[in-house]
Each structure stands twice: as structure tokens, then as C-alpha cells.
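Participant: For what it's worth, the numbering used here labels the leading residue of the sequence shown as 36, then goes sequentially. Beta carbons: idealized from backbone N, C-alpha and C, even for Gly. Handing you this structure, nothing more for now.
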Amino acid sequence: MQPTATVLVYSDNTDTREQVRLAAGRRPAADVPPVEYVECATLPAVLSTLEKHRIDVCVLDGETAPAGGMGVCRQIKDEIFDCPPVLLLIGRPQDAWLASWSRAEAAVSHPIDPVALAGALAGLLRESDGASAQVQPL
36 MQPTATVLVY SDNTDTREQV RLAAGRRPAA DVPPVEYVEC ATLPAVLSTL
86 EKHRIDVCVL DGETAPAGGM GVCRQIKDEI FDCPPVLLLI GRPQDAWLAS
136 WSRAEAAVSH PIDPVALAGA LAGLLRESDG ASAQVQPL
């Protein structure tokens, strides 16, 4: 069986989660493994998923309320041992400095550009230690 990578997508907006899945697709680049998505709409769900399952990359929506992706990113970087890399969805390109503050490895602004999102996600999957390892099923 071909190895897969697991990507956690956090947003309180179902349309945003769908846009991420559709923009990146099952394989964001030819040189990365196929992707399986895990969707979370709340901070408790994110924390529980990160504790119980192997996640290769997190995509966090900075526009989510009440716990925005930037704050969630900073929190998981402090609290989760061996935290996976984070791709942050920011409201506008000028918010890139906030993505740096949150310690995200990459950022893409709304509206989601499929090429930019797939490229950023593929880059993080290439750097991820688990990108070539077999992932436990959820």
C-alpha cells in the first residue's frame, strides 16, 4: 500500500474546509504522498486529534472564531510535543507578520489560490518527517 500523509484542516466554516480540500486535492504535488484530510471545526477537536493521531501538516484558518488559527497555531506550538508544521490561512497578505508571530511555517491569504495553497502544502509535506512514513488510520 502506498504511504499517505494526513492533513488536519481547521476552520469553523465548512466552505473554507472544502476549498482547502479542493484546492490541494488528493495529491498537491507529484513528489509527495497522497493526502487524507481530517477536518476540525473547534479548538477542542484540534487538540484531541493532535493528541490521538499522527498528523503530518495542519492547515489552520486565521479567520475562525472564537479561537482563530493564529492563536491556535501559537498554542499548539507551545503545547504539542513534536508539533507538525502549520500552514496558516490569513485574511490578507498584510497579515503575514501575524503568521510569523504565531510560528506558522507557511501562510496563504484568502481568497484561497489553489496553486499557492497546493505549493505551500506540498512544501511542508516535503519537509515533514512523516511524509514518507505509513500513517495510522483514523
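So, residue 39 versus residue 71, is the Cβ gap smaller than 8 Å?
Facilitator: yes
Participant: Rounded to a whole number of angstroms, what is the C-alpha to C-alpha distance between residue 154 and residue 160?
Facilitator: 10 Å
Participant: Where does residue 125 fall in DSSP's three states?
Facilitator: strand
Participant: Can the beta-carbon of residue 95 be found less than 8 Å from the beta-carbon of residue 108?
Facilitator: yes
Participant: Does residue 162 come out as helix, strand or coil in the three-state DSSP assignment?
Facilitator: helix
Participant: Looking only at its chain, what residues have a beta carbon closer than 8 Å to the beta carbon of residue 163, apart from the 5 residues adjacent to it on each side?
Facilitator: 40, 91, 92, 119, 120
Participant: Is it the case that the Cβ atoms of residue 52 and residue 86 are separated by a distance below 8 Å?
Facilitator: The Cβ atoms of residue 52 and residue 86 do not sit closer than 8 Å to each other.
Participant: Using 8 Å for Cβ pairs, my map puts residue 143 next to residue 133. What's the rounded Cβ distance?
Facilitator: Not quite, the Cβ-Cβ distance comes to about 13 Å (not below 8 Å), so this is no contact.
Participant: Measuring straight from C-alpha to C-alpha, what distance separates residue 140 and residue 105?
Facilitator: One Cα belongs to residue 140, the other to residue 105, and the distance between them is close to 12 Å.
Participant: How many Å lie between residue 64 and residue 44 at the Cα?
Facilitator: 18 Å
Participant: Decide if residue 54 is buried, meaning its Cβ has at least 16 other Cβ atoms within 10 Å, or exposed.
Facilitator: buried
Participant: Would you tell me roughly how many angstroms separate the C-alpha atoms of residue 101 and residue 46, rounded to the nearest one?
Facilitator: 10 Å
Participant: Checking contacts by CB at 8 Å: is residue 77 closer than that to chain C?
Facilitator: Annotation note: the requested chain C is absent from the structure, which comprises a single protein chain.
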